[in-house]
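Remarks on the structure that follows.
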Amino acid sequence: MSALPHTIKDAIIITRRLGYQFLWIDSLCIVQDSPEDWAVESLKMADVYGGASLTIAAEAAIDTASGIFDSTNVLRQQQSQNFNFSVKGYHPLSEDYHADFVSRNMKSGKTTLPSWYDIVNDYTTRRISVKKDLLVGISAIAKVMAEEMGQPPTAYKAGLWEHDFLGVLLWRRLYECDPPLIRHAEYIAPSWSWASISASDISTRRIYENEVTDDVPCLKNAKIIEIIIENDNDDHFGIVKGGYVKLSGPTLEVCRHAIPSIFWDCPDNAQDSMPSSIDTFDLRESVLKYASYGWECGNCHPKVLLVNISTLNKDTENALMLQNTGSLDVYQRIGCLKLKVEDYTNLKWTTREITII
């Protein structure tokens, strides 16, 4: 036991003192650096954590050498699904570690779409040690969520759900992130998935959620034609090898320079000097004045394509922001924004069928 990393030794101590006989540790029970073993074992995660009597979530440990009890680092590790699936969880925290036995069984709790959004929002703040496992790390929760919502595995599309696809396409980063968000160096997911950018402060809440009432419906302006995802080993919840969504809706080409930086998925894409204090998805008056003269400005700056996804309160347009890939009608997502209809009434939207990869 003396040769084991500090965090694992602490986990063994906790297990013994609580009277349990067995301890399952992923780094010991899954052959490391073996894609073949990982491909097999990752499919069992829902059963492993769902059948656990207790899960130890070393939330204060940055790695296996840090230890559970004496680490002051609050970075949390990848496996948020470990904690969500077990009936009870022991999660020591920095500065004030304690035993907090809380029922967090997904099957006995709420399994609505807002629950999924909350889980993703929490998950994306965690440090993912192996980037390509980003979607695999949350796959067990997604499987149970699909069962509880009565959805087939094919309804899960790289972190999004088919029956709520238009709404959740409008996910956004919540804050100015430090370091700034970037696209993953290796392919993780299509650009329209929250999993396509480095995970930090992402909101998957539909921007019209909690704003819509029976008296004020949200009008969907775009229509999904087809969603295709290619998964490794045909596991709909596992590693994504490729994919696209084909949709039809009102589109508008605008000057790239007119878009304030807050609306970009990755701020490095922005080519303007607007202040970063603008509220996400809230173009205030001063910003609207800045943007109003720059929607169309010839060829002085590259163009981006806006796709009108929905209208809220009859006066607010929710749009995706896309850039062309070099192929006809094939685009990548680079951001999204909300605009008042009255601020661009003279601009003409053109209905087009496009593909987003």
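The sequence shown maps to residues 1 to 357 in UniProt numbering.
From the three backbone atoms N, C-alpha and C, an ideal C-beta is built for every residue, glycine too.
### Message
Looking only at its chain, what residues have a beta carbon closer than 7 angstroms to the beta carbon of VAL136, apart from the 5 residues adjacent to it on each side?
### Response
SER42, GLY238 and ILE239
### Task
Would you decide whether LYS348 is buried or exposed? Buried here means 16 or more other CB atoms lie within 10 Å of its CB.
exposed
### Query
Where in the region 132 to 185 do unbroken runs of the alpha helix (DSSP H), each at least 4 residues long, occur, reported from the N-terminal end onward?
139 to 149 and 165 to 168
### Task
Report the option in ALA222, SER27 and ILE56 whose CA atom is closest to the CA atom of ASP10.
ILE56
### Message
If you follow the beta strand (DSSP E) that THR316 is in, where does it begin and where does it stop?
### Response
316 to 324
### Query
Where does ARG16 sit, in a helix, a strand or coil, going by DSSP?
helix
### Task
Could you spell out where the beta strand (DSSP E) holding ILE309 opens and where it closes?
303 to 312
### Message
Looking at ILE357: is its Cβ nearer than 7 angstroms to the Cβ of TYR244?
### Response
yes
### Query
Can you list, in chain order, the residues of its chain whose CB lies under 8 angstroms from that of GLU186, leaving out five sequence neighbours each side?
So the qualifying residues of the chain are LYS131 and LYS132.
### Message
Would GLN323 and ILE309 be called neighbours here (beta carbons separated by less than 7 angstroms)?
### Response
no
### Query
From what residue to what residue does the alpha helix (DSSP H) around PRO35 run?
35 to 41
### Query
Just how far apart, CA to CA, sit ASP164 and LEU54?
Each residue's Cα considered, the two are about 33 angstroms apart.
### As assigned by DSSP and simplified to three states, the class of MET1
In the structure shown, MET1 adopts coil according to DSSP, grouped into three states.
### Query
Should PRO190 be labelled buried (16 or more other beta-carbon atoms within 10 Å of its own) or exposed?
buried
### Message
Between which residues of its own chain and VAL31 is the CB-CB distance below 6 angstroms, once the five residues before and five after are set aside?
### Response
Sequence-distant partners of VAL31 (beyond 5 residues in either direction) whose C-beta falls short of 6 angstroms from its own C-beta, in its chain, are ASP37.
### Task
Have a look at ARG126 and ILE138 and give me their C-alpha separation to the nearest angstrom.
12 angstroms
### Message
According to DSSP, is ASN233 part of a helix, a strand, or is it coil?
### Response
helix
### Task
Can you tell me which of the three DSSP states LEU54 falls into?
coil
### Query
Using the rule of at least 16 other Cβ atoms within 10 Å of the residue's Cβ for burial, across every protein chain shown, is HIS98 buried or exposed?
Because the pLDDT of HIS98 is 28, which lies under 50, any placement of that residue in the model is unreliable, and the number read from its coordinates should be weighed accordingly. That one is exposed.
### Task
Name the residue from ASN231, CYS255 and ILE14 whose alpha carbon lies nearest to the alpha carbon of LYS303.
CYS255
### Query
Can you name the start and end residues of the alpha helix (DSSP H) that PRO114 belongs to?
In the DSSP assignment, PRO114 falls within the alpha helix (DSSP H) that extends over 113 to 123.
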